[in-house]
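Take a look at the structure set out below.
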Amino acid sequence: MVLFSISRSLSSSVRFQNPKVSIVQFSVVSGDILNHLQENSGNVEKTLSTFKGPLDSKFVSGVLHRCYPSQSHTGLRFFIWAGLQSDYRHTPYMYNKACKLFSISQNPKLLFDVIEAYRAERCSVTVKTFKVVLNLYKQAKLADEALLVLRKMPEFGLRADTTMYNLVIRLFCVKGDMNTAETLMKEMGLIDLYPDMITYVEMAKGFCSVGRLDDAFRLFEVMKEHGCLPDKVLYSVLLHGICKFGNMEKALELLDEMEKEGGSCSPNVVTYTSVIQRFCEKGQTLEALEVLNRMEARNCSPNRVTASCLIERFCLEGRLNEAYKLIDKVVKGGGVSYEECYSSLVVSLKRNERTEEAEKLFRKMLDGGLKPDGLACSIMIKELASGGRVVDGYELCDEIEKMGYLTSIDSDLYSLLLVGLCERNHSVEAVKLVKLMLMKKIKLKSPYIDSIVEILKKSRDEELVNHLTENLKSFIPKVIIDSSN
DNA sequence: ATAGGGTTAG
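Okay, so the first sequence: first residue is 3 according to my numbering, each after it adds one.
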């Protein structure tokens with residue numbers, strides 16, 4: 003029976019499924035290496051030193067999956083080793099993957115065990131080794147552990163550099179522990195490492211986020227003493243901090259100062275937008291528009307962020323005509339397109355419960371060949387799907403797809419539509435949607451797949467059941483991978 | 001390294 007085979011394929015795929023197709027490709031290249039790794043787990047780096055061949059993220063991720071879950075130690079040592087190779091560099095994505103796979107946040111000790119193993123086995127350890135470890139803690143957002151790593155370096159006769167201090171300082175700033183961050187910054191000076199612009203920007207951001215504006219401003223003096231001149235980025239951080247705490251007069255003074263200073267301190271679109279946004283939030287639309295004029299007068303073009311907060315504001319006040327005029331004006335500046343602005347307007351209208359107008363504008367965009375952005379599409383499709391117009395939602399999805407729309411809509415929406423279509427027995431659309439999902443490699447998340455299986459069990463539509471079963475079979479294993487990491 | 005509405009995929 004068809005239904006039986008679905009649930010059987012579901013449960014067997016939980017137990018036996020083998021992560022990714024790439025594993026197969028990679029086994030051909032490196033199966034030996036992996037087997038060696040697993041046999042001589044004590045000598046990972048020595049085994050790896052015999053490895054010759056291209057190292058890429060696919061390969062690295064394949065090995066990591068092989069080591070999961072019982073060989074975390076080996077997996078991490080492989081990951082660190084890979085990060086040391088000159089022809090390869092882990093991307094943040096890969097750090098994140100390793101971090102999630104081996105649950106570094108829950109098991110921070112794993113990495114200390116690796117460091118201890120290096121010591122016990124007299125492995126060669128360099129500054130770069132510690133950098134890879136630090137980056138793993140960065141992904142895991144573990145400030146204390148990252149600091150311990152920094153403290154371990156001298157035991158290996160190594161010294162941290164400015165980027166490593168910056169990484170740890172950043173973690174403490176994010177955590178809001180500005181005292182430790184400050185101690186670390188001072189410590190840099192003691193060991194002949196000078197804080198750089200990145201250090202100061204992080205510190206300024208950190209101080210602002212905990213409301214220590216005076217300390218943030220004091221950085222101006224500290225950095226100048228060290229021969230590091232403040233630039234627009236640092237100024238912008240401080241300006242943002244002042245805005246956030248509501249002192250708009252002081253914010254405008256600082257903006258003045260930046261304009262007068264000029265050069266590398268000259269405000270840019272981020273600086274102005276930050277001020278405009280705060281005025282909008284406070285309901286001071288007039289002041290926001292003055293800042294807009296001011297930036298345009300200085301040849302600084304508003305971008306999507308600038309435009310969208312003003313559009314949002316006009317929309318909230320019901321000043322739609324002015325929103326349209328504003329759009330014409332900012333688009334002329336060249337920093338933002340009609341597509342982006344109208345998309346923002348669609349989003350704002352919907353947020354202000356002017357759904358019908360949002361839909362009208364959205365339709366107008368499609369008919370005029372303007373591509374709405376991901377958020378606007380997601381919002382409109384969701385509106386249709388949850389408002390009992392599932393088929394319309396699907397058709398909209400299909401229409402957007404046919405426009406060659408590359409940026410994706412919220413991936414949950416495909417699942418939501420699929421469930422809706424199945425529930426209402428729209429077999430033809432459901433089958434088409436599944437095919438689209440397969441083509442776009444959209445994964446079905448576990449709560450949705452349960453609903454689908456339930457629906458199929460009850461369905462008398464044999465054609466639907468046959469088609470979906472056939473199609474779902476091929477991506478159920480992927481679902482299992484996704485829910486496991 | 002600065003704003004933000006959730007910005008590729010790996």
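Backbone N, C-alpha and C define an ideal beta-carbon position, used for all residues, glycine too. Owing to the predicted nature of the structure, the values given are computational and were not obtained by experimental measurement.
Is residue i helix, strand or coil by DSSP?
i: residue 110; result: coil
i: residue 499; result: As displayed, the chain neither begins before 3 nor continues past 487, which places residue 499 out of reach and without an answer.
i: residue 357; result: helix
i: residue 374; result: coil
i: residue 85; result: helix
i: residue 542; result: Given a span of 3 to 487 for the chain in the structure shown, any question on residue 542 remains unanswerable.
i: residue 62; result: helix
i: residue 395; result: helix
i: residue 468; result: helix
i: residue 296; result: helix
i: residue 47; result: helix
i: residue 162; result: coil
i: residue 286; result: coil
i: residue 141; result: helix
i: residue 279; result: helix
i: residue 403; result: helix
i: residue 323; result: helix
i: residue 333; result: helix
i: residue 451; result: helix
i: residue 364; result: helix
i: residue 307; result: helix
i: residue 132; result: helix
i: residue 77; result: helix
i: residue 242; result: helix
i: residue 94; result: helix
i: residue 249; result: coil
i: residue 228; result: coil
i: residue 181; result: helix
i: residue 126; result: coil
i: residue 54; result: coil
i: residue 71; result: coil
i: residue 459; result: helix
i: residue 338; result: coil
i: residue 410; result: coil
i: residue 302; result: coil
Within its chain, find whatever has a CB closer than 6 angstroms to the CB of residue i; leave out the 5 residues flanking it on each side and keep chain order.
i: residue 134; result: 82, 85
i: residue 195; result: 164
i: residue 314; result: 350
i: residue 279; result: 311
Within its chain, find whatever has a CB closer than 7 angstroms to the CB of residue i; leave out the 5 residues flanking it on each side and keep chain order.
i: residue 180; result: 208, 209, 212, 214
i: residue 426; result: 392
i: residue 378; result: 345, 348, 349, 364
i: residue 140; result: 148, 169, 173
i: residue 243; result: 210, 215, 218
i: residue 270; result: 234, 302
i: residue 152; result: 162, 166, 170
i: residue 2; result: In this structure the chain extends from 3 to 487, so residue 2 is not present and cannot be described.
i: residue 396; result: 419, 423, 431, 435
i: residue 138; result: 97, 100, 101, 106, 113
Taking C-beta to C-beta, are residue i and residue j nearer than 8 angstroms?
i: residue 345; j: residue 375; result: yes
i: residue 204; j: residue 168; result: yes
i: residue 287; j: residue 308; result: no
i: residue 386; j: residue 398; result: yes
i: residue 79; j: residue 47; result: yes
i: residue 90; j: residue 113; result: no
i: residue 116; j: residue 143; result: no
i: residue 333; j: residue 340; result: yes
i: residue 420; j: residue 436; result: yes
i: residue 277; j: residue 241; result: yes
i: residue 282; j: residue 232; result: no
Given residue i, which residues of its chain have a CB within under 8 angstroms of its CB, disregarding the five upstream and five downstream residues?
i: residue 335; result: 298, 303, 304
i: residue 87; result: 57
i: residue 501; result: Past the boundaries of the shown model lies residue 501; the chain is included only from 3 to 487, so the question cannot be answered.
i: residue 354; result: 317, 318
i: residue 470; result: 424, 432, 433, 436, 454, 458
i: residue 488; result: Past the boundaries of the shown model lies residue 488; the chain is included only from 3 to 487, so the question cannot be answered.
i: residue 95; result: 59
At least 3 beta-carbon pairs within less than 8 angstroms: the region 233-245 vs the region 192-202: yes
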